[in-house]
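Engineer: There's a structure below that I have some questions on.
Chains as they are written, first to last, in my numbering: chain C, 5 to 435; chain F, 1287 to 1524.
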């Protein structure tokens, strides 16, 4: 099979890599490619839609296996709610299985693939009720060379646990069984406006526990304020917006500090606090309505920072992060706060109980310095940086924040997984 | 009555995209091809996504077309026919065996299927044949393949000539489509997505067009190439 030399980036468009890419059409073609690579002792990386913010979806000067053709739904059992599909299926496609079922956990974009969701053990706005995506995986098939491992909590449990949040380094995730959630695909949303972060933190860890979904939008460009949203499935329906906008490639950046500050003020002022019904996708993935929105950041793209930190020190950490951003003069264009009560399911899962903040930055030197300083701070408070978002963590910081990485490395050695990525190289994850 | 689309060569990515177009319009499907395992995956996906009836017919056109012919003969439901099956061998790869396989798949089996379909008693006949721009003019690289496509095109032209109003026959001449054949091949300046190719075929058939190019601009490229004097054609390295 022929490969094609292609340029790849990640979701934030903040990096460029060049790789040889194979795109097998069938599972048998994938086996042939993997066997060939194994024979030549070449590492590769399976890549879905490339929607991670970090370098876990790129492999510069390496071999990429494009999984575009593996997006078939295979079966759905209404009695058990178990859906089987191929790894390249998107979260959006999961909605097609049955009108009464929704994916148990939805990441920030529904265009991410299921295998990518597993490889990063993604979370949604429903961690309190739904946990992470990995917890809903009944079994998965991981292929290394010609060998396909059918893994679950009973079969190859070590490989199963390593593959969840395994950053695609344990092999190609070819097939998956997901326990879907029987629920309405519409939610009733209520919003609250707050002027102090400590009120938001307090409301999220008390009132938030009574709701299925919760998320807070923070304004880091003006005075302290936040919009806190709670949502619960409901029987009412709302019209789904069929119109989708798309941003064309731009030679310059449209987002800057003053227009985002202005936008934030407008967004906060016009936000409605009345209860309303929205589709789950519109509530959970508002940015999906604007395709290619990262192009707004121009050719440099954006940087995202996401960390989790303990509940007890949440207010202080948030103030400290705000202080670092101010002092470094970085521009935080968007910030979102979520609450976790359940830990992740994989060896390298990011999710642990506490608060998590995700901040988008205009990509410049100030942002890089701010993120490096924040990474160090998060380590000090026993928090973690999300590897799906990170570009700047050092190996020492990684080892400190992810104590299971030794066990992870042992497993990929034991199974001779043969995968690699830029993130794997940077953090020394693959031997 | 909604016709059942019989998709020949259904495991190709263009045929799969076309089957999705038909399924989206709630047409039942029969997927016909060699790779049973892969067809089962495609069929399961179409059933789940579109809630339609989708069956599989195992058939190797390089051996014989009889499973398809029997299906056309025995089944009472109305069919529409999408022919994507094709065996591609370049001239420099030809052996006696390869030549036979290519002609058996591209010419013998497909003309038998077309004949059986046109003979079948039903209220309307709708047929789409995926041809290639290679059929327009013999080229050193793959003229026998081009000729095998041209043979079916010529046969279909005759059928179009005598076609009743209820018969719609569309020939789609494909240029570069983003498939495994063009992936990583040097000199591919633009390759249309299989989905857009399938849409073009679907729309052309329901607009009762006889001939369509995909991507559309190949009409102009081939318009020029077929009119070039032979002494220039002979000098061209394409």
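All C-beta atoms, glycine included, are put in the ideal place defined by N, C-alpha and C.
Between the C-alpha atoms of residue 291(C) and residue 422(C), what's the straight-line distance to the nearest angstrom?
Structural biologist: If you number the first chain from 1, residue 291(C) lands on position 287. If you number the first chain from 1, residue 422(C) lands on position 418. Distance between the alpha carbons of residue 291(C) and residue 422(C): 35 Å.
Engineer: Any beta-carbon of chain F closer than 8 Å to the one on residue 3(C)?
Structural biologist: Nothing can be reported for residue 3(C): it is not among the residues displayed for chain C, which extend from 5 to 435.
Engineer: Between which two residues does the alpha helix (DSSP H) holding residue 322(C) run?
Structural biologist: Counting from 1 along the first chain, the entry for residue 322(C) is found at position 318. Its alpha helix (DSSP H) spans residues 318 to 332.
Engineer: Residues in its own chain within less than 7 Å of residue 269(C) by CB, not counting five upstream and five downstream?
Structural biologist: Position 265 of the first chain, counting from 1, holds the residue named residue 269(C). Contacts found: 226.
Engineer: For residue 1328(F), go through chain C and note every residue whose CB falls closer than 8 Å to its CB, in chain order.
Structural biologist: Locating residue 1328(F) in the second chain gives position 42, counting from the first residue. Result: 76.
Engineer: Output needed in chain order: residues of the segment 1347 to 1379 of chain F with a Cβ under 8 Å from some Cβ in chain C.
Structural biologist: Under the 8 Å Cβ criterion, the segment 1347 to 1379 of chain F contributes no residue.
Engineer: Measure the C-alpha to C-alpha separation of residue 1405(F) and residue 1487(F) and round it to an integer number of angstroms.
Structural biologist: Here the question's residue 1405(F) lines up with position 119 in the second chain. Here the question's residue 1487(F) lines up with position 201 in the second chain. Cα-Cα distance, rounded: 23 Å.
Engineer: Give me whichever residues DSSP pairs with residue 1518(F) in a beta bridge.
Structural biologist: Along the second chain, read from residue 1 onward, the residue named residue 1518(F) stands at position 232. None; residue 1518(F) has no bridge partner.
Engineer: Mind checking if residue 436(C) is an interface residue toward chain F, Cβ cutoff 8 Å exclusive?
Structural biologist: Past the boundaries of the shown model lies residue 436(C); chain C is included only from 5 to 435, so the question cannot be answered.
Engineer: Could you list which residues in chain C have their beta carbon closer than 7 Å to that of residue 1466(F), in chain order?
Structural biologist: By 1-based counting over the second chain, the position of residue 1466(F) is 180. By Cβ distance, chain C contributes 29.
Engineer: Just reading off the alpha helix (DSSP H) that residue 414(C) is part of, what are its end residues?
Structural biologist: Taking the first residue of the first chain as 1, we reach residue 414(C) at position 410. Start and end: 409 to 418.
Engineer: To the nearest angstrom, report how far apart residue 266(C) and residue 1341(F) are at their CA atoms.
Structural biologist: For the purposes of this step, residue 266(C) is taken as residue 262 along the first chain, with counting starting at 1. For the purposes of this step, residue 1341(F) is taken as residue 55 along the second chain, with counting starting at 1. One C-alpha to the other measures close to 57 Å.
Engineer: Buried or exposed for residue 375(C), please, with buried defined as at least 16 other CB atoms from any protein chain shown within 10 angstroms of its CB.
Structural biologist: The residue given as residue 375(C) occupies position 371 in the first chain. Counting Cβ neighbours within 10 Å, residue 375(C) comes out buried, since at least 16 surround it.
Engineer: Which of the three DSSP states, helix, strand or coil, is assigned to residue 379(C)?
Structural biologist: Start at 1 with the first residue of the first chain, and residue 379(C) comes out as number 375. Three-state result, residue 379(C): helix.
Engineer: I'd like the list of long-range same chain contacts for residue 1435(F), defined as Cβ closer than 7 Å, with 5 residues on each side in sequence excluded.
Structural biologist: Your numbering for residue 1435(F) matches position 149 in the second chain. So the qualifying residues of the chain are 1392, 1417, 1418, 1420, 1421.
Engineer: Quick one: Cα of residue 219(C) to Cα of residue 129(C), how far?
Structural biologist: Sequence index remark: in the first chain, residue 219(C) carries index 215 (1-based). Sequence index remark: in the first chain, residue 129(C) carries index 125 (1-based). Their backbone Cα atoms lie some 6 Å apart in a straight line.
Engineer: Take every Cβ of the segment 1496 to 1508 of chain F, pair it with every Cβ of the segment 1326 to 1334 of chain F, and state whether three or more of those distances are shorter than 8 Å.
Structural biologist: Touching, no, given that fewer than three Cβ pairs across the two stretches are closer than 8 Å.
Engineer: Does the beta carbon of residue 1319(F) sit closer than 8 Å to a beta carbon anywhere in chain C?
Structural biologist: By one-based count along the second chain, residue 1319(F) stands at place 33. No, its Cβ sits nowhere closer than 8 Å to a Cβ of chain C.
Engineer: Is residue 183(C) close to chain F? Criterion is C-beta to C-beta, closer than 8 Å.
Structural biologist: In the first chain, the residue the question calls residue 183(C) occupies position 179. Chain F, which has no Cβ nearer than 8 Å to the Cβ of residue 183(C), makes this no.
Engineer: Does residue 396(C) come out as helix, strand or coil in the three-state DSSP assignment?
Structural biologist: Counted from its first residue, the first chain places residue 396(C) at position 392. In the structure shown, residue 396(C) sits in coil (DSSP, three-state: anything other than H, G, I, E or B).
Engineer: Beta-carbon separation of residue 1321(F) and residue 30(C) under 8 Å?
Structural biologist: Here residue 1321(F) refers to the residue found at position 35 of the second chain. Here residue 30(C) refers to the residue found at position 26 of the first chain. Going by C-beta atoms, residue 1321(F) is nearer than 8 Å to residue 30(C).
Engineer: Can you name the start and end residues of the alpha helix (DSSP H) that residue 50(C) belongs to?
Structural biologist: The count along the first chain starts at 1 and reaches residue 50(C) at position 46. Premise fails: residue 50(C) lies in the beta strand (DSSP E), 48 to 51, not in any alpha helix (DSSP H).
Engineer: List, in order along the chain, the chain F residues whose C-beta lies closer than 7 Å to that of residue 100(C)?
Structural biologist: As a first step, residue 100(C) must be located in the first chain, where it is residue number 96. Neighbours of residue 100(C) on chain F, chain order: 1334, 1335.
Engineer: The beta strand (DSSP E) that contains residue 1385(F), what's its start and end?
Structural biologist: For the purposes of this step, residue 1385(F) is taken as the residue at position 99 of the second chain. Counting along the chain, residue 1385(F) falls outside any beta strand (DSSP E), though it belongs to the alpha helix (DSSP H) covering 1382 to 1389.
Engineer: Do residue 262(C) and the ligand GDP come close, with the Cβ less than 7 Å from some heavy atom?
Structural biologist: Absent from the structure shown: the ligand GDP. Ligands present: none.
Engineer: Beta-carbon within less than 7 Å of residue 242(C)'s beta-carbon, same chain only, minus the 5 sequence neighbours each way: which residues are those?
Structural biologist: What you label residue 242(C) is simply residue 238 of the first chain in a count that begins at 1. The answer, listed in chain order, is 190, 281, 282, 283.
Engineer: Report yes if the CB atom of residue 1369(F) is closer than 8 Å to the CB atom of residue 1295(F), and no otherwise.
Structural biologist: The residue given as residue 1369(F) occupies position 83 in the second chain. The residue given as residue 1295(F) occupies position 9 in the second chain. In this structure, residue 1295(F) lies closer than 8 Å to residue 1369(F) by Cβ.
Engineer: In whole angstroms, what is the alpha-carbon distance linking residue 367(C) and residue 302(C)?
Structural biologist: Position 363 of the first chain, counted from the start, is the residue given in the question as residue 367(C). Position 298 of the first chain, counted from the start, is the residue given in the question as residue 302(C). The alpha-carbon atoms of residue 367(C) and residue 302(C) are separated by roughly 10 Å.
Engineer: Helix, strand or coil for residue 76(C) per DSSP?
Structural biologist: The sequence position of residue 76(C) within the first chain is 72, counting from 1. Note: residue 76(C) maps to coil in three-state DSSP.
Engineer: Can you tell me which of 1517(F), 1524(F), 1489(F) puts its alpha carbon nearest to the alpha carbon of residue 1472(F)?
Structural biologist: Within the second chain, the letter at position 186 stands for residue 1472(F). Minimum Cα distance to residue 1472(F) is reached at 1524(F).
Engineer: What does residue 73(C) reach in chain F if we use C-beta pairs closer than 8 Å?
Structural biologist: Translated into the one-based positions of the first chain, residue 73(C) becomes position 69. In chain order: 1299.
Engineer: Contact check, residue 126(C) vs residue 202(C) under 8 Å by CB: the rounded distance?
Structural biologist: On the first chain, residue 126(C) is found 122 positions in, with the first residue counted as 1. On the first chain, residue 202(C) is found 198 positions in, with the first residue counted as 1. No, residue 126(C) and residue 202(C) are not in contact; Cβ-Cβ is about 28 Å, not under 8 Å.
Engineer: Round the Cβ separation of residue 415(C) and residue 163(C) to the nearest angstrom and send it over; I've been treating them as touching at under 8 Å.
Structural biologist: Within the first chain, the letter at position 411 stands for residue 415(C). Within the first chain, the letter at position 159 stands for residue 163(C). About 6 Å; that satisfies the 8 Å criterion.
Engineer: Residues in its own chain within less than 8 Å of residue 356(C) by CB, not counting five upstream and five downstream?
Structural biologist: By one-based count along the first chain, residue 356(C) stands at place 352. Correct list, in chain order: 312, 344, 347, 348, 388.
Engineer: Just tell me which of 136(C), 249(C), 250(C), 339(C) has its CA closest to the CA of residue 351(C).
Structural biologist: For the purposes of this step, residue 351(C) is taken as residue 347 along the first chain, with counting starting at 1. Answer by Cα proximity: 136(C).
Engineer: Express the C-alpha separation of residue 113(C) and residue 183(C) in angstroms, rounding to a whole number.
Structural biologist: Position 179 of the first chain, counted from the start, is the residue given in the question as residue 183(C). Position 109 of the first chain, counted from the start, is the residue given in the question as residue 113(C). Whole-angstrom Cα-Cα distance: 20 Å.
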